[in-house]
Amino acid sequence: FHSSFLRYLLPFFALLPIFTVIGIFELGSKARIIFYTLLIFNLIIAFLGPHGLVEDIGARLYYKEVSDFLLKNTNEKSVIFSWYWGKSVFPDRIVFTKKDLTNEELSKLINKITDYNYNIYYIHHKNSVDKERFLIDNYDLEIIKGPLLKNPFLRLIKPPQNIYPIKMYEICGRKKW
(Lines of atoms letter the chains of each structure in order from A; the text may use other names.)
(Lines give C-alpha, C1' and ligand atoms only; values in the text may rest on other atoms or scores of the structure.)
Protein backbone atom coordinates (compact mmCIF):
# COMPACT_ATOMS: atom_id res chain seq x y z
CA PHE A 10 0.00 0.00 0.00
CA HIS A 11 1.01 3.58 -0.52
CA SER A 12 1.29 5.19 2.92
CA SER A 13 -1.49 7.72 2.24
CA PHE A 14 -4.03 4.88 1.90
CA LEU A 15 -3.31 3.48 5.37
CA ARG A 16 -5.54 6.10 6.97
CA TYR A 17 -8.54 4.27 5.50
CA LEU A 18 -7.53 1.14 7.41
CA LEU A 19 -7.30 2.87 10.81
CA PRO A 20 -10.85 1.89 11.88
CA PHE A 21 -10.01 -1.72 11.00
CA PHE A 22 -6.79 -1.56 13.06
CA ALA A 23 -8.74 -0.13 16.01
CA LEU A 24 -11.30 -2.97 15.88
CA LEU A 25 -8.83 -5.77 15.17
CA PRO A 26 -7.90 -6.48 18.84
CA ILE A 27 -11.58 -7.04 19.72
CA PHE A 28 -12.00 -9.71 17.05
CA THR A 29 -8.61 -11.21 17.90
CA VAL A 30 -9.59 -11.72 21.55
CA ILE A 31 -12.93 -13.26 20.52
CA GLY A 32 -11.11 -15.55 18.09
CA ILE A 33 -8.62 -16.69 20.75
CA PHE A 34 -11.43 -17.71 23.12
CA GLU A 35 -13.20 -19.59 20.33
CA LEU A 36 -10.10 -21.66 19.56
CA GLY A 37 -9.51 -25.01 21.18
CA SER A 38 -6.76 -25.39 23.79
CA LYS A 39 -4.22 -26.80 21.28
CA ALA A 40 -4.84 -23.99 18.83
CA ARG A 41 -4.57 -21.49 21.69
CA ILE A 42 -1.15 -22.91 22.68
CA ILE A 43 0.04 -22.60 19.08
CA PHE A 44 -1.29 -19.04 18.95
CA TYR A 45 0.49 -18.02 22.18
CA THR A 46 3.72 -19.68 21.05
CA LEU A 47 3.62 -17.75 17.77
CA LEU A 48 2.78 -14.55 19.64
CA ILE A 49 5.78 -14.94 21.97
CA PHE A 50 8.05 -15.83 19.06
CA ASN A 51 6.91 -12.74 17.12
CA LEU A 52 7.41 -10.50 20.15
CA ILE A 53 10.95 -11.81 20.61
CA ILE A 54 11.70 -11.07 16.96
CA ALA A 55 10.13 -7.60 17.20
CA PHE A 56 12.20 -6.73 20.27
CA LEU A 57 15.51 -8.51 19.68
CA GLY A 58 15.68 -9.12 15.93
CA PRO A 59 17.61 -7.05 13.41
CA HIS A 60 16.16 -3.53 13.28
CA GLY A 61 14.01 -4.45 16.26
CA LEU A 62 12.94 -2.30 19.16
CA VAL A 63 16.13 -2.79 21.20
CA GLU A 64 18.35 -1.87 18.25
CA ASP A 65 16.15 1.11 17.40
CA ILE A 66 16.26 2.45 20.96
CA GLY A 67 20.03 1.93 21.01
CA ALA A 68 20.46 3.86 17.76
CA ARG A 69 18.31 6.73 19.03
CA LEU A 70 20.29 6.92 22.28
CA TYR A 71 23.58 6.84 20.38
CA TYR A 72 22.47 9.59 17.96
CA LYS A 73 21.49 11.69 20.99
CA GLU A 74 24.93 11.16 22.54
CA VAL A 75 26.59 12.07 19.23
CA SER A 76 24.46 15.21 18.97
CA ASP A 77 25.39 16.24 22.52
CA PHE A 78 29.07 15.49 21.83
CA LEU A 79 29.14 17.53 18.62
CA LEU A 80 27.35 20.50 20.18
CA LYS A 81 29.64 20.40 23.22
CA ASN A 82 32.83 20.29 21.13
CA THR A 83 31.90 23.00 18.61
CA ASN A 84 30.86 26.57 19.21
CA GLU A 85 27.98 28.45 17.64
CA LYS A 86 30.25 30.09 15.10
CA SER A 87 31.19 26.81 13.43
CA VAL A 88 30.69 25.14 10.09
CA ILE A 89 30.56 21.35 10.15
CA PHE A 90 31.37 19.32 7.05
CA SER A 91 29.52 16.05 7.38
CA TRP A 92 27.98 13.62 4.94
CA TYR A 93 26.21 11.65 7.66
CA TRP A 94 26.01 13.38 11.05
CA GLY A 95 24.76 16.78 9.90
CA LYS A 96 21.15 16.11 10.84
CA SER A 97 22.14 15.58 14.46
CA VAL A 98 23.32 19.19 14.94
CA PHE A 99 21.21 21.17 12.48
CA PRO A 100 19.84 23.87 13.06
CA ASP A 101 22.12 24.54 16.06
CA ARG A 102 25.20 24.54 13.82
CA ILE A 103 25.82 25.34 10.17
CA VAL A 104 26.22 22.05 8.31
CA PHE A 105 27.70 21.55 4.85
CA THR A 106 26.71 18.26 3.23
CA LYS A 107 27.55 18.53 -0.47
CA LYS A 108 29.48 15.35 -1.29
CA ASP A 109 30.65 15.95 -4.82
CA LEU A 110 33.03 18.86 -4.19
CA THR A 111 36.41 18.65 -5.86
CA ASN A 112 39.41 19.12 -3.61
CA GLU A 113 40.01 22.52 -5.19
CA GLU A 114 36.42 23.61 -4.47
CA LEU A 115 36.72 22.33 -0.91
CA SER A 116 39.93 24.31 -0.42
CA LYS A 117 38.32 27.51 -1.74
CA LEU A 118 35.31 26.96 0.49
CA ILE A 119 37.50 26.47 3.56
CA ASN A 120 39.37 29.70 2.75
CA LYS A 121 36.12 31.62 2.37
CA ILE A 122 34.72 30.26 5.64
CA THR A 123 37.90 31.17 7.55
CA ASP A 124 37.72 34.70 6.10
CA TYR A 125 34.53 35.11 8.15
CA ASN A 126 36.27 33.79 11.32
CA TYR A 127 34.21 30.62 11.57
CA ASN A 128 35.66 27.43 13.02
CA ILE A 129 35.60 24.49 10.61
CA TYR A 130 35.06 20.87 11.56
CA TYR A 131 35.07 17.75 9.43
CA ILE A 132 33.44 14.53 10.68
CA HIS A 133 34.89 11.29 9.35
CA HIS A 134 32.63 8.89 7.49
CA LYS A 135 33.62 5.75 5.59
CA ASN A 136 32.11 7.13 2.37
CA SER A 137 34.20 10.31 2.39
CA VAL A 138 37.71 8.96 2.98
CA ASP A 139 39.09 10.80 -0.08
CA LYS A 140 38.11 14.18 1.43
CA GLU A 141 39.58 13.13 4.76
CA ARG A 142 42.87 12.22 3.06
CA PHE A 143 42.94 15.60 1.28
CA LEU A 144 42.40 17.45 4.57
CA ILE A 145 45.08 15.42 6.39
CA ASP A 146 47.59 16.07 3.61
CA ASN A 147 46.92 19.81 3.28
CA TYR A 148 45.69 21.18 6.61
CA ASP A 149 46.72 21.24 10.26
CA LEU A 150 44.05 19.26 12.06
CA GLU A 151 43.16 18.61 15.65
CA ILE A 152 41.48 15.22 16.17
CA ILE A 153 38.52 15.07 18.55
CA LYS A 154 37.22 11.55 19.31
CA GLY A 155 34.03 10.63 21.06
CA PRO A 156 31.44 10.18 22.48
CA LEU A 157 32.35 7.73 25.22
CA LEU A 158 29.01 5.90 25.59
CA LYS A 159 27.78 7.38 28.86
CA ASN A 160 24.41 5.64 28.68
CA PRO A 161 24.57 2.20 30.39
CA PHE A 162 22.13 0.75 27.84
CA LEU A 163 24.56 1.65 25.04
CA ARG A 164 27.39 -0.18 26.79
CA LEU A 165 25.33 -3.36 26.53
CA ILE A 166 24.49 -3.01 22.84
CA LYS A 167 27.47 -1.51 21.07
CA PRO A 168 26.85 0.87 18.15
CA PRO A 169 27.97 -0.34 14.71
CA GLN A 170 31.75 -0.09 14.28
CA ASN A 171 31.44 1.94 11.07
CA ILE A 172 29.89 4.88 12.98
CA TYR A 173 31.55 4.50 16.40
CA PRO A 174 33.50 6.26 17.71
CA ILE A 175 33.05 9.60 15.99
CA LYS A 176 36.27 11.07 14.67
CA MET A 177 35.99 14.80 14.19
CA TYR A 178 38.74 17.05 12.88
CA GLU A 179 39.01 20.73 13.66
CA ILE A 180 40.68 22.44 10.70
CA CYS A 181 43.25 24.75 12.29
CA GLY A 182 44.77 26.17 9.11
CA ARG A 183 46.75 25.30 6.01
CA LYS A 184 49.94 23.28 6.45
CA LYS A 185 53.14 25.25 6.12
CA TRP A 186 55.45 23.61 3.62
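Residue numbers (the numbering used here): 10 to 186. Where a beta carbon is used, it is the ideal one built from N, C-alpha and C, also for glycine.
For residue i, which residues from the same chain have a beta carbon less than 6 Å from its beta carbon, with the 5 sequence-adjacent residues on both sides left out?
i, result
"Pro161", "none"
"Glu74", "Pro156"
"Gly95", "Val104, Thr106"
"Phe10", "At Phe10, the pLDDT of 43 sits below 50, so the modelled position is not reliable and the matter cannot be decided from this model."
Any idea what DSSP makes of residue i, helix, strand or coil?
i, result
"Ile175", "strand"
"Ile166", "coil"
"Phe99", "coil"
"Leu110", "coil"
"Tyr17", "helix"
"Lys154", "strand"
"Ser116", "helix"
"Gly61", "coil"
"Ser187", "Look at the range of the chain in this structure, 10 to 186, and you will see that residue 187 is not part of it."
Please return the same chain residues whose Cβ sits closer than 8 Å to the Cβ of residue i, not counting the five positions on each side in sequence.
i, result
"Asp101", "Leu80, Glu85"
"Asp124", "none"
Give every residue of the same chain whose Cβ lies closer than 7 Å to the Cβ of residue i, excluding the five residues on either side of it in the sequence, and list them in chain order.
i, result
"Val88", "Ile103, Phe105, Ile122, Tyr127, Ile129"
"Asp7", "Summary: the structure shown does not reach residue 7, with the chain confined to residues 10 through 186, and so no result is reported for it."
"Asn112", "Phe143"
"Ile145", "none"
"Ser38", "none"
Kindly indicate which residue of the options has the alpha-carbon position closest to the one of residue i.
i, options, result
"Arg142", "Phe44, Lys154, Leu115", "Leu115"
"Phe90", "Ile132, Phe56, Lys117, Thr111", "Ile132"
What's the call for residue i, buried or exposed, on a 16-neighbour Cβ count within 10 Å?
i, result
"Thr29", "exposed"
"Gly67", "buried"
Nearest chain C C-beta to residue i closer than 7 Å, yes or no?
i, result
"Leu150", "As a matter of chain content, chain C is missing from the structure shown, which is built from one protein chain."
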